[in-house]
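A.B. asks: When we follow the numbering used here, the leftmost residue of the sequence shown carries the number 106, and every step to the right adds one.
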Amino acid sequence: MVEDGIASEATKKRISKDDAANDDAETTALFGVFGTKQKIRINKILKDHGLYAPHNMANDLQYVITLPTAAEIMNGQGGESVEGYTLENIELEYESIDNIDLARKAEGLYGSERELSFEHATLMKKTEWSKDSTIINETINVPRRSMKAIVMLFTNKTKTDSKEYIYPNIEKVRVTIEGVPNAVYSQGIPKTRLYEEARRLFGTDEISHQTLTGFFKDKKFALVIDLRTANDANTYGNGAKIQNTQSGILVEITKKATTADVVCYLFVLSDGVIKITNGQLAGIKY
106 MVEDGIASEA
116 TKKRISKDDA
126 ANDDAETTAL
136 FGVFGTKQKI
146 RINKILKDHG
156 LYAPHNMAND
166 LQYVITLPTA
176 AEIMNGQGGE
186 SVEGYTLENI
196 ELEYESIDNI
206 DLARKAEGLY
216 GSERELSFEH
226 ATLMKKTEWS
236 KDSTIINETI
246 NVPRRSMKAI
256 VMLFTNKTKT
266 DSKEYIYPNI
276 EKVRVTIEGV
286 PNAVYSQGIP
296 KTRLYEEARR
306 LFGTDEISHQ
316 TLTGFFKDKK
326 FALVIDLRTA
336 NDANTYGNGA
346 KIQNTQSGIL
356 VEITKKATTA
366 DVVCYLFVLS
376 DGVIKITNGQ
386 LAGIKY
C-alpha cells in the first residue's frame, strides 16, 4: 500500500518475503492487514477535470500500465538469476453517483465538446556516458505544442538498486532552444541551482520529504530543465513551443569524471489535450 504511506524499508522487505526484514512491531501489524497488496491511483485526469461518465461515450478511457521486466527492478543475491514476479487479484475500485440530478450534470459535461488536459511523458533516449567524459551534448528534436520540462535520470551502468539515481558530478548545464540561449540562465545553470530547479517542478506536498542532502548524497538526483513560463502546477499550456525540429533543444552538460560509466535516461514532459466531441474521442494533441 505504497500510496497509503506504509511502505517503510521493513514493509518492502516483508512484501518481497525477505527473512532479514527488521523486526518492527508497527510494520508487522500493518503487514498483517495489507499483506503484499499495492495500490496505484489513476485519478489524475478525473481529479483535475471532474467526473467521468463512460456510459455516455462511444470510446472508453483506458489506462494502460506498463510493468518493467524483473531484471530492471530486482537484483539477485550471490549471482542468483532473477526469475521474475507475478501480479494477482488485480482490482479496479471506483466511486459512483446515486443522485439522479448530479448524475445528469456529469453526463452533460460530455454531451457537446470538451477538452481534458494531461501531462504527456516520453522517454526520448537512453545513452551511456563514459566515466572520463567532461562535456556531454544531448539534443531533443521533437515538435511539441507546450514542452514543460526535460528530466534526466542517471544510474551506474551496473545497477545495484532500481530506486537509486546518482549525481554524475555535473558542474554546469547550458540550454539552447531553437538556436537561442535559455533566457533565465543565459550563462548556464550552475550545480548550486540544480536542486531548486527540480523542486520547482516536483516540489509538491506529495514529495515534501525530499531534502538537499538526499538529492545529492542519497542517490535521489534528477536533472530538471524547467521550460515553463510560470511555476504553477495547475496551469497547462505554459511550456516552450518547439517547432523547428532541425535545431530543437541542445543541452550542454559540463561535468567532472566519475568512478564508473553512467547511463542517462532522458524524458520529455509536455502538456497534452484530449478532445471529446459528442461523446466521441476527437483527438489527442501534445
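Think of the CB as a built atom: it goes at the ideal place given N, C-alpha and C, for glycine as much as any other residue.
Note that the coordinates shown come from a computational prediction; the quantities given were computed from them, not determined experimentally.
1) What are the uninterrupted segments assigned as beta strand (DSSP E) that are 3 or more residues long and contained completely in the segment 330-358, given in chain order?
2) If you follow the alpha helix (DSSP H) that E302 is part of, which residue opens it and which one closes it?
3) If you draw a straight line from the alpha carbon of K231 to that of C369, how long is it in whole angstroms?
4) Is T316 helix, strand or coil by DSSP?
5) Could you give the residue range of the beta strand (DSSP E) that holds F377?
6) According to DSSP, simplified to helix, strand and coil, what is K268?
7) Taking three-plus beta-carbon pairs below 8 angstroms as touching, is the segment 277-291 in contact with the segment 343-358?
8) Cβ atoms of V378 and E196: under 8 angstroms apart, would you say?
9) Assuming R250 is part of the beta strand (DSSP E), what are its boundary residues?
10) Spatial neighbours of G388 within its chain, please: C-beta separation below 7 angstroms, excluding the five flanking residues on both sides.
11) Can you round the beta-carbon distance between A254 and L371 to whole angstroms, since I take them to be within the 8 angstroms contact cut?
12) When the Cβ atoms of the segment 291-301 are set against those of the segment 224-238, are three or more pairs found closer than 8 angstroms?
13) Tell me which same chain residues have a C-beta within less than 6 angstroms of the C-beta of L328, skipping the five on either side of it?
14) Starting from the Cα of A163, find the closest Cα among N194, G216, F223, E188 and give me that residue.
15) Beta-carbon of E193 versus every beta-carbon of chain C: anything under 8 angstroms?
16) Tell me where the alpha helix (DSSP H) around I245 begins and ends.
17) So, with DSSP's three-state summary, where would you put R209?
18) Report back the beta-carbon spacing between K360 and I275 to the nearest angstrom; my notes put them in contact at under 8 angstroms.
19) Report the residue from V247, Y190, V138, E243 whose alpha carbon sits nearest the alpha carbon of A345.
20) For Y190, count the other beta carbons within 10 Å of its own beta carbon; 16 or more makes it buried, fewer makes it exposed. Which is it?
21) So D366 and E233 are supposed to be a Cβ contact under 8 angstroms. How far apart are they, rounded?
22) From E185 to L172, what distance separates their C-alpha atoms?
23) According to DSSP, is A136 part of a helix, a strand, or is it coil?
24) Are the CB atoms of N343 and S251 nearer to each other than 8 angstroms?
25) Using the rule of at least 16 other Cβ atoms within 10 Å of the residue's Cβ for burial, across every protein chain shown, is D323 buried or exposed?
26) Is it the case that the Cβ atoms of I271 and N287 are separated by a distance below 8 angstroms?
27) Can you tell me which of the three DSSP states E177 falls into?
28) When the Cα atoms are used, what is the spatial distance from N194 to I145?
29) Going by C-alpha to C-alpha distance, which of V169, Y168, L192 sits closest to T141?
C.D. replies: So, from the data block:
1) Segments of the beta strand (DSSP E) lying fully in the segment 330-358: 345-347.
2) Residue mapping note: residue 302 aligns to position 197 of the sequence shown, counting from 1. E302 -> alpha helix (DSSP H) spans 299-307.
3) Position 126 of the sequence shown holds residue 231. Position 264 of the sequence shown holds residue 369. Taking the straight line from one Cα to the other gives about 6 angstroms.
4) Locating residue 316 in the sequence shown gives position 211, counting from the first residue. Coil at T316, not helix or strand.
5) On the sequence shown, position 272 is the one that residue 377 refers to. According to the sequence displayed, residue 377 carries Gly and not Phe. Counting along the chain, the beta strand (DSSP E) containing G377 begins and ends at 367-382.
6) By 1-based counting over the sequence shown, the position of residue 268 is 163. The answer is coil: DSSP assigns K268 none of H, G, I, E or B.
7) Between the segment 277-291 and the segment 343-358 there are three or more C-beta pairs closer than 8 angstroms, enough to call the two in contact.
8) Indexing the sequence shown from 1 puts residue 196 at position 91. Indexing the sequence shown from 1 puts residue 378 at position 273. A distance of 8 angstroms or more separates the beta carbons of E196 and V378.
9) The residue given as residue 250 occupies position 145 in the sequence shown. Here the beta strand (DSSP E) through R250 covers 249-261.
10) Working through the sequence shown from its first residue, we reach residue 388 at position 283. Its chain contains K380 as the residues whose beta carbon lies nearer than 7 angstroms to that of G388, once the 5 sequence neighbours on both sides are disregarded; these appear in chain order.
11) Numbered from 1 along the sequence shown, position 149 holds the residue referred to as residue 254. Numbered from 1 along the sequence shown, position 266 holds the residue referred to as residue 371. Contact flag wrong, Cβ pair sits at about 11 angstroms.
12) The segment 291-301 vs the segment 224-238: no contact.
13) Taking the first residue of the sequence shown as position 1, residue 328 is located at position 223. Result list for L328: M257, in chain order.
14) Taking the sequence shown and counting its residues from 1, one reaches residue 163 at position 58. Out of N194, G216, F223, E188, G216 has the C-alpha closest to the C-alpha of A163.
15) Structure shown: chain C not included; a single protein chain is present.
16) Counting from one through the sequence shown, the residue named residue 245 turns up at place 140. Where I245 is concerned, there is no enclosing alpha helix (DSSP H), although the beta strand (DSSP E) around it starts and stops at 240-245.
17) Numbered from its first residue, the sequence shown carries residue 209 at position 104. Helix.
18) One-based indexing of the sequence shown puts residue 360 at position 255. One-based indexing of the sequence shown puts residue 275 at position 170. Contact between K360 and I275 holds: CB atoms are separated by about 5 angstroms, below the 8 angstroms threshold.
19) Position 240 of the sequence shown holds residue 345. Closest by alpha carbon: V247.
20) Counting from one through the sequence shown, the residue named residue 190 turns up at place 85. When all chains shown are included, Y190 counts as exposed.
21) Position 261 of the sequence shown, counted from the start, is the residue given in the question as residue 366. Position 128 of the sequence shown, counted from the start, is the residue given in the question as residue 233. Correct: roughly 6 angstroms between the Cβ atoms.
22) Stepping through the sequence shown from its first residue, residue 185 is reached at position 80. Stepping through the sequence shown from its first residue, residue 172 is reached at position 67. Each residue's Cα considered, the two are about 22 angstroms apart.
23) Here the question's residue 136 lines up with position 31 in the sequence shown. Per the sequence shown, the amino acid found at residue 136 is Phe instead of Ala. Of the three classes helix, strand and coil, the one that applies to F136 here is helix, per DSSP.
24) Your numbering for residue 343 matches position 238 in the sequence shown. Your numbering for residue 251 matches position 146 in the sequence shown. Going by C-beta atoms, N343 is nearer than 8 angstroms to S251.
25) Taking the sequence shown and counting its residues from 1, the one referred to as residue 323 is at position 218. It counts as exposed.
26) Position 166 of the sequence shown, counted from the start, is the residue given in the question as residue 271. Position 182 of the sequence shown, counted from the start, is the residue given in the question as residue 287. Not in contact: I271 and N287 (Cβ atoms no closer than 8 angstroms).
27) By 1-based counting over the sequence shown, the position of residue 177 is 72. Three-state DSSP puts E177 in a helix.
28) Working through the sequence shown from its first residue, we reach residue 194 at position 89. Working through the sequence shown from its first residue, we reach residue 145 at position 40. Put simply, the backbone Cα of N194 is about 14 angstroms away from that of I145.
29) For the purposes of this step, residue 141 is taken as the residue at position 36 of the sequence shown. Among V169, Y168, L192, the Cα nearest to that of T141 is on L192.
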